[in-house]
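Numbering of the sequence shown is given in my numbering, commencing with residue 13 and proceeding in unit increments. For every residue, glycine included, the Cβ atom is placed at its ideal position computed from N, Cα and C. Source: prediction; values computed, not measured. Right, one structure below, let's go through it.
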Amino acid sequence: MTGYDVAVIGLGGMGGAAAYRLAGRGLRVVGLERFGPAHDRGSSHGDSRIIRQAYFEHPAYVPLLRRAYELWRETERASGADLLTITGGLFIGPPDAVTVTGALASARQWGLEYAYLDAAAIARRFPTFRPGPDDVAVYEPYAGYVVPEAAVRANLDLAAAAGADLRFGERVTGWAADGDGVRVTTAAGAYDADRLVIAAGAWAPGLLAELNLPLTVERQVMHWFQVDDPAAFAAPGHPIYVWEDATGDQVYGFGVRPGDTAAKVAFFRRPNATDPDHVDRTVHNAEIAEIRDHMATRIPGLRAHAAATTCLYTLTPDHHFVLGPHPARPNVTIAAGFSGHGFKFVPVIGEILADLATTGGTSHDIGLFDPRRAFDTPSPLSRP
Ligand SMILES: Cc1cc2nc3c(=O)[nH]c(=O)nc-3n(C[C@H](O)[C@H](O)[C@H](O)COP(=O)(O)OP(=O)(O)OC[C@H]3O[C@@H](n4cnc5c(N)ncnc54)[C@H](O)[C@@H]3O)c2cc1C
13 MTGYDVAVIG LGGMGGAAAY RLAGRGLRVV GLERFGPAHD RGSSHGDSRI
63 IRQAYFEHPA YVPLLRRAYE LWRETERASG ADLLTITGGL FIGPPDAVTV
113 TGALASARQW GLEYAYLDAA AIARRFPTFR PGPDDVAVYE PYAGYVVPEA
163 AVRANLDLAA AAGADLRFGE RVTGWAADGD GVRVTTAAGA YDADRLVIAA
213 GAWAPGLLAE LNLPLTVERQ VMHWFQVDDP AAFAAPGHPI YVWEDATGDQ
263 VYGFGVRPGD TAAKVAFFRR PNATDPDHVD RTVHNAEIAE IRDHMATRIP
313 GLRAHAAATT CLYTLTPDHH FVLGPHPARP NVTIAAGFSG HGFKFVPVIG
363 EILADLATTG GTSHDIGLFD PRRAFDTPSP LSRP
């Protein structure tokens, strides 16, 4: 035995946070990552990630979000990095849109501060937006964004400072667990530990094949546009937004971050299944035209297309996470299927993974994410 307490496969958003939390509790941790620190081949890159509490996906996320906000600030203090910016957030759509009704349900159930705005009020308070006559919005003052690359680096630096043995450029080719512990195999060798955390993002289906989880990996595109009025678009004054149309299609976006010159916008989801090892990284003209046309009437101050990049989602049918003990291997904990909305939770997922890997349980309510659930309730926002 090499004498590790815990091995972590994958040092992206979730695995990096788990390594930090575990090493911070005094455990001997080895982390294995196939690429470099804070790389752009997985799901945790692209300058910004929305964070919000009036959570339209399900009210059960709200307590986790409250803890995530605390831990984002704690990670900032510990690392000295600037990670979380509060801008306020608009969840826009027809009154019966999931983006609106779901945000309202979470805000009311948990007593969150919010304002309900009609189209005229949206346009008056937020002049870069041109809502349709039937659009309404839930405005949440504590929404904002986190910075994925800086956050991944902060967690990895903190993990290393706490003594974690982090190995990059080392791809895990297999793992095995029995009553004595776990063995993780890479091209370079084998690592023995008492327990294992698997946080492999888009590569989870391969590493968790025996569980047959209904995970789909999708290629998504983020776009950046120049703006006509940098002052009007400047974050933190400009809110983040999620905007649903009458067909249930959602786009989301940000103002222009300090130091940047362009505003990021993306469709929340474009069904486009891919193999994470063979992703089409080219962004095509038709994709640029589609989002430009979609935004032209909604935020006309977005001008020339400035940049675009691809990123991977790992979706479950109900769009809820897969988080808990491996159903067949009690010394293995799994974190997967973050379904395009996991980054804002990174520090609290790290805490939960550390709880599960050390005690087998957690005081956080993670019932919604049970890896053994039936997965038979499709998300109201799912598209074929
Ligand atoms: C375009 C886009 C926009 C998004 N917007 C938001 C948002 O606004 N708000 C939000 O909250 N979330 C958002 N998300 C989702 C969020 O970013 C993801 O849920 C989160 O990054 C997932 O983290 P992860 O740790 O599971 O995956 P990753 O960060 O990809 O980490 C998995 C790691 O495992 C490594 N790995 C895999 N297999 C192996 C192996 N065999 N050996 C060694 N290492 C391995 C990978 O290299 C990778 O580094 C967005 C995602 C995308 C793609």
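Cα-Cα separation, residue i to residue j
| i | j | result |
| --- | --- | --- |
| M13 | D204 | Confidence at M13 is low in this model, with a pLDDT of 46, below 50, so the placement of that residue should be treated as unreliable; the coordinate-derived value is given next. Answer to the nearest angstrom: the Cα atoms are 6 angstroms apart. |
| T259 | G36 | 46 angstroms |
| A125 | I311 | The question names Ala, but residue 125 in the sequence shown is Glu. Cα to Cα, E125 sits roughly 26 angstroms from I311. |
| T328 | L227 | 5 angstroms |
| T374 | A298 | 46 angstroms |
| R137 | P217 | 45 angstroms |
| A135 | G271 | 26 angstroms |
Option in the options with minimal Cα separation from residue i
| i | options | result |
| --- | --- | --- |
| W236 | D17, T321, A132 | T321 |
| T198 | G25, I311, E45, G27 | E45 |
| R293 | F279, V277, C323 | C323 |
| G38 | V268, V18, M26 | V18 |
| D6 | G15, R53, A274 | For residue 6 there is no data in the structure shown, the boundaries of the chain being 13 and 396. |
| V42 | D177, E299, V159 | D177 |
| D382 | F279, L225, P75 | L225 |
| L380 | K356, H331, V358, D367 | H331 |
| P71 | I104, R120, P337 | R120 |
| H353 | V291, P337, Y325 | Y325 |
| V194 | V20, A386, S391, V74 | V20 |
| D378 | V74, A29, S55 | One point to set straight first is that residue 378 is Ile, not Asp, in the sequence displayed. Looking at the Cα atoms, V74 is the closest of the given residues. |
| R304 | Q238, R179, G100, Q65 | Q238 |
| D367 | G336, V184, F357, S351 | G336 |
| A131 | G123, V150, L116 | V150 |
| G86 | Y32, H338, F68, F245 | Note on identity: in this sequence residue 86 is Glu, with Gly being the wrong assignment. Nearest of Y32, H338, F68, F245 to E86, Cα basis: Y32. |
| P107 | A172, G100, G144, T370 | G144 |
| T370 | A278, L34, F333 | L34 |
| A318 | L219, F350, N343, K276 | K276 |
| A348 | V334, H338, A135, R231 | V334 |
| D59 | E302, G156, G15, T140 | G156 |
| E230 | L83, R61, S394, G25 | S394 |
| S55 | A188, T185, G213, A174 | G213 |
Contact set for residue i: own chain, Cβ-Cβ below 6 angstroms, skip 5 residues either direction
| i | result |
| --- | --- |
| R79 | V360 |
| A93 | A162, A166 |
| R385 | none |
| D146 | P106 |
| A115 | A66, F68, F103, V150 |
Short CB-CB distance (under 8 angstroms) between residue i and chain C
| i | result |
| --- | --- |
| P312 | Among the chains of the structure shown, chain C does not appear; only one protein chain is present. |
Distance cut-off 7 angstroms: residue i Cβ against heavy atoms of ligand 1
| i | result |
| --- | --- |
| Y325 | yes |
| R427 | The structure shown has nothing for residue 427, since the chain only spans 13 to 396. |
| K356 | yes |
| I300 | no |
| I21 | yes |
| D350 | Residue identity check: residue 350 is Phe in the sequence provided, not Asp. Yes; taking the cut-off as 7 angstroms, the Cβ of F350 has a heavy atom of ligand 1 nearer than that. |
| Q232 | yes |
| H51 | yes |
| E82 | no |
| R353 | Note that residue 353 is His in the sequence shown here, rather than Arg. Yes, the Cβ of H353 comes within 7 angstroms of a heavy atom of ligand 1. |
8 angstroms Cβ shell around residue i - same chain, five flanking residues per side excluded
| i | result |
| --- | --- |
| E222 | A340 |
| P342 | G372 |
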